[in-house]
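What follows is a set of notes on a single structure, which appears directly below.
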Amino acid sequence: MRSFKIATWNVNSLRVRLPQVLNWLADAQPDVLALQETKLIDADFPIEAIQQAGYQVIFSGQKTYNGMAILSRRPATNIITGFPDYEDPQRRLLAAVIDDIRIVNLYIPNGDNIHSEKYQYKLAWLKQLDVFLKNELQGHSQIIVLGDFNIAPDDIDVHDPKQWAGKVLFSEPERNAFRDMLQVGFIDTFRQLNPAEKVFSWWDYRMNAFKRNVGLRIDHVLSSHALASQCVKCYIDKLPRTHERPSDHAPVIAEYHD
DNA sequence: ATGGTTGCAACGCAA
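Under our numbering, the residue at position 89 of the first sequence is numbered 89, and the numbers go up by one with no gaps.
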């Protein structure tokens, strides 16, 4: 591997956002782009438009909700579309090997609110993820885990940590689960390279949240230790969030070099 | 304490 540029973007409907994704690919020229919330069944996936842009693509979709894709310059092998030992009707995981790097694309459940069934589902999902990632580390040394984690890890990742204390996306059990991921062998690439930067990857559509920069950093790129030392740059591209009809999330980009 | 915005798809559900 000489240099490698990878990004994650929750597009909140690939049907609506396809033109923006194609424009962004042309500008940013990543080697890999992991998408979440495509909201497309596989039969409706825009394979040709993506191939014409010079990318191969794998995807795992469902009707109306969720849905994952990985776009890449080079072919994807060893594809997994769900946890091996956990039946989940929701399409939230897509993993593959690209250029000898294990890429794990995640759309961790939102959780709604901490008193809800969906929050319990989120915590159960995070437990499965822990098992899965430990197992992945047995088989691969070079791993990138990226996507919409729906977890803000620390105070600095939240516009107003006092207001968000105990709330979903920032509750202790969720943040503990994130810390556990780091514990088992991953680095929060953005935070490693930008230790004091208070920037966000998601802003609610409501209440002019983006204009007021009322947001959270919930989209992440984690690197296994073998790769983390090769990551030279990690940043959030806010520009697409300023466009007409934007996704509520911004892309997060990481660049690796020998 | 509630509401606000978007996408899907058909009006409430999920985020």
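For glycine and all other residues, C-beta sits at the position ideal for the given N, C-alpha and C.
All values derive from a computational prediction rather than experimental measurement.
Same chain only: Cβ atoms within 6 Å of residue i, ignoring 5 sequence neighbours per side
i, result
"F4", "D31 and Y256"
"A254", "I6, T189, V221, C231 and C234"
"W125", "P109"
"L14", "T38 and L40"
Contact set for residue i: own chain, Cβ-Cβ below 7 Å, skip 5 residues either direction
i, result
"A250", "S201, I236, D237, K238, P240 and R241"
"D155", "P161"
Which residues DSSP lists as bridging residue i, in chain order
i, result
"W24", "DSSP output for W24 lists no bridge partner at all."
"G215", "W203"
"A7", "L33 and I253"
"Q142", "Answer is none; Q142 lacks a bridge partner."
"L93", "L106"
Extent of the continuous beta strand (DSSP E) run through residue i
i, result
"P254", "The question names Pro, but residue 254 in the sequence shown is Ala. Its beta strand (DSSP E) spans residues V252 to H257."
"I108", "Here I108 belongs to no beta strand (DSSP E), and DSSP marks it neither H nor E."
"Q260", "Nothing can be reported for residue 260, as the shown portion of the chain is limited to 1 through 258."
Beta-carbon spacing of residue i, residue j below 8 Å
i, j, result
"N66", "E37", "yes"
"P108", "V168", "What sits at residue 108 in the sequence shown is Ile, not Pro. No, Cβ-Cβ distance for I108 and V168 is not below 8 Å."
"N10", "D204", "no"
"I101", "Q163", "no"
"H243", "Q29", "no"
"N23", "S247", "no"
"I70", "N105", "yes"
"H225", "G185", "yes"
"S72", "I98", "yes"
"L146", "T8", "yes"
"D130", "Y119", "no"
"Y86", "Q138", "no"
Limits of the unbroken alpha helix (DSSP H) element including residue i
i, result
"K122", "E117 to G139"
"Q52", "I47 to Q52"
"D180", "E172 to G185"
"F190", "T189 to L193"
"A226", "H225 to A228"
Cβ-based neighbour list, residue i, same chain, cut-off 8 Å, excluding 5 preceding and 5 following
i, result
"R2", "H257 and D258"
> Taking one C-beta from the segment 213–230 and one from the segment 190–202 each time, how about it: are there three or more such pairs within less than 8 Å?
Replying inline: The segment 213–230, when compared against the segment 190–202, does touch it at the 8 Å Cβ threshold.
> If you pair each beta-carbon of the segment 192–212 with each one of the segment 175–184, do three or more pairs fall below 8 Å?
Replying inline: Between the segment 192–212 and the segment 175–184 there are fewer than three inter-stretch CB-CB distances shorter than 8 Å, so the stretches are not counted as touching.
>> Between the segment 91–98 and the segment 49–69, can you find at least three pairs of beta-carbon atoms closer than 8 Å?
In response: Touching, yes, given that three or more Cβ pairs across the two stretches are closer than 8 Å.
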